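Take the sequence shown: its letters are residues -18 to -1, 1 to 431, numbered as in mature numbering (1 follows the signal peptide of the UniProt record, and there is no 0). No residue lacks a Cβ here, since even glycine has one placed at the ideal position from N, Cα and C. Given the structure is predicted, the values throughout are model-derived calculations rather than measurements.
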Amino acid sequence: MQILKWLILIAFLDSVNCFATTEAFAAVLDIFHDTRFHDTQMATALCITQYRFLQRNIGLTAREPALYESCPYSDWFLSVSEYATAQKVKLEFMYYVNRPDIIEALKSNPITHFDAESFISGSNYNLIQSRQTVFKSIKRLADIENDIGSIRQLIGQSIHTLQDFYSHTNWVEMGYKVINSRVGEDSYLGLPVNQPHIDACRACTKDEMSSGEQAEFNRIKSSIYNNLLLGLLDFSFDNVYVCRNNIIVNNFLTSGYYSSEVSVAPKPKGKCSHGGGTDSTDATCAPGGISKDADTFIFAPHYYLHSIAANLSVQATIRYFEDLRLSIGDEKLFGLIIGMSKYTSLAFVVDTTSSMQTSITATRLYVKSLLDNTPDDAMIFVTLFSDSGFSNIRQFSDKPEVMAYLFSFTPSGSDNNPGIVYNAILATAKFVPPETNIFIFTELKTMND
Ligand SMILES: *[C@@H]1O[C@H](CO)[C@@H](O)[C@H](O)[C@H]1NC(C)=O
Ligand SMILES: [Zn+2]
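As structure tokens, then:
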């Protein structure tokens, strides 16, 4: 077990050198309690978004998954390829939402994280801009298919910033129990940002830890394994505080300064820190911090507000996807982005040589039974091949026409050219939409070799 942990750790340190709020951390460090990392929040928000897509488009009647429940794809009657796509796109978004904590240029920029009070408006402005870029770049199916990876990356990055609003600003401390729908949408956040010369935080002291928290602190600090691991992350136990009521501005937005952003945003006196063991700014006035990134004070001085911040963050993420859907106004395009297909598409590659004489009837019956269970708006493709080559790949939107086409020939001609079947399959696979299920009917012996 320990060996496995070290292997994960080594792979992990390769890409991360400061605290990134990702599930990978929980795999090596056993101190996170119920932390909902950026990728956890993304996974649950996307699962619910995918569920609602299926509910609207294929009349899925299963119940909506609860927050943080593992996504019950297998209850949704997805085909193997649909299942794989939904899962793959989820993992892609989970990576992209973490990326701003991994890539140096994004990590050190307070604008990406709603950090450093005076950058709050900049974060919001940046988010509005990137949202508009995403919403505009999704115009046509062709654009999306060429560029879907970079669109998902931009969405993931925007959502990271959106999520940080709840864990890094004092929105939750002000008592709000609902999301701020202006974030990323309106250049005015609904309340003013604190002014530069007004103090935002008072000093937080080490003795604000309860005896239970102190005991946990001691337990973690005395573990050699934890020490070694945390030490590799520029971590210091001196930076660890639990803070309560240390925010002194009410009715004004503020957020904490962070040592990884010090070259862009050094912490002025009287401002709040992000806080946690990886933030050395919290040693300077005012000591302590306000982050709610994790369900542990080791990384988040306001860890006791993590759950509410994370839940709001998930709600805001769901809303982002919903806004995206409404802005696109096309379920099929939206489905492509979130890894769901609205239209079923099937392709049949059929051998017409004499070797099929005994099985052509069974083939036709099988295709007919598949079509009987396929929605009426399905896209259907048929490719016929013989020794001399293959037909144009024909697309049908009408099932009887498909059957008529399959009854239009009698199997005949030699069957000595097995290479042709591979060419026919390859050409069909290139022609049809990516999620198409392709069925191949041939008697050529090499297919089974
Ligand atoms: C956050 O959501 C989870 C799942 O619905 C719930 O169990 C938890 O109580 C919520 N936290 C707060 C603070 O409301
Ligand atoms: Zn962040």
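Sequence-distant Cβ neighbours of isoleucine 161 in its own chain, meaning closer than 7 Å and more than five residues away, are Leu294, Gln297, Ala298, Arg301.
Distance from the CA of leucine 28 to the CA of methionine 338, rounded to the nearest whole angstrom, comes to 46 Å. Between aspartate 97 and alanine 197, the C-beta gap is not smaller than 9 Å, which leaves the two residues out of contact. Counting along the chain, no beta strand (DSSP E) covers threonine 94, and no H or E run does either.
According to the DSSP secondary-structure assignment, phenylalanine 421 is paired through a beta bridge with Phe330. For the pair serine 140 and tyrosine 404, the Cα-to-Cα distance works out to about 43 Å.
Assigned with DSSP and collapsed to three states, arginine 113 falls in helix. As DSSP reads the structure, threonine 365 sits in a beta bridge with Val331. In this structure proline 382 is exposed. Its beta-carbon is surrounded by fewer than 16 other beta-carbon atoms within 10 angstroms.
Counting along the chain, the unbroken alpha helix (DSSP H) around glutamine 23 starts and ends at 20 to 40.
Given a length threshold of 4 residues, each whole run of the alpha helix (DSSP H) inside the region 249 to 335 is given here in chain order: 288 to 310, 313 to 320.
Secondary structure note for arginine 201: its alpha helix (DSSP H) is the uninterrupted segment 193 to 203.
Those residues whose C-beta sits under 5 Å from the nearest heavy atom of ligand 1 are, from N- to C-terminal order along the chain, Leu49, Ser289, Ile290, Asn293.
Assignment of glutamine 139 by DSSP, reduced to helix, strand and coil, places it in the helix class. In this chain, the beta strand (DSSP E) harbouring phenylalanine 378 covers 376 to 378. Using a 10 angstroms sphere on the CB of histidine 179, the tally of other CB atoms stays under 16, which defines it as exposed.
In the structure shown, valine 79 adopts helical secondary structure according to DSSP, grouped into three states. Checking the DSSP bridge columns, you'll see leucine 235 partnered with Val175.
Close to ligand 2, as judged by a C-beta nearer than 5 Å to any of its heavy atoms, are the residues His95, Asp146, in chain order. In the structure shown, the three-state DSSP call for glycine 371 is strand. For aspartate 12 and lysine 203, the gap between their C-alpha atoms comes out near 13 Å. Scanning Ala282, Val364, Ile310, Ser242 for the CA closest to the CA of phenylalanine 199 turns up Ala282. Apart from the 5 residues on each side of it in sequence, arginine 113 sits with its Cβ closer than 7 Å to the Cβ of Ser140, Gly166 in its chain, given in chain order.
Only residues of its own chain outside the window of five on either side were considered, and among them Ile362, Asn419 have a CB closer than 6 Å to the CB of leucine 328, listed in chain order.
When DSSP states are grouped into helix, strand and coil, isoleucine 229 belongs to the strand group. Phenylalanine 367 is a Cβ neighbour of isoleucine 402, given a cutoff of 9 Å. Listed in chain order, the non-local C-beta contacts of phenylalanine 117 below 6 Å within the same chain comprise Ser309, local neighbours out to five positions each way being set aside. Rounded to the nearest whole angstrom, the CA to CA distance from phenylalanine 75 to glutamine 135 is 7 Å. The way I'd put it, the region 42 to 53 doesn't touch the region 89 to 103; fewer than three beta-carbon pairs between them come closer than 8 Å. Rounded to whole angstroms, lysine 350 and lysine 70 show a C-alpha spacing of 31 Å. Secondary structure of threonine 67 (DSSP, three-state): helix.
Here serine 255 is buried. Its C-beta has 16 or more other C-beta atoms within 10 Å. Within the same chain, Asp97, His150, Cys254, Ser255, His256, Gly257, Gly271, Ile272, Ser273 come within 7 Å of glycine 238 by CB-CB distance, once the 5 residues on both sides are set aside.
Under the 10 Å beta carbon count, asparagine 176 is surrounded by 16 or more other beta carbons and is classified as buried. Residue Phe316 holds the alpha-carbon nearest to the alpha-carbon of arginine 34 among Glu425, Phe316, Pro415.
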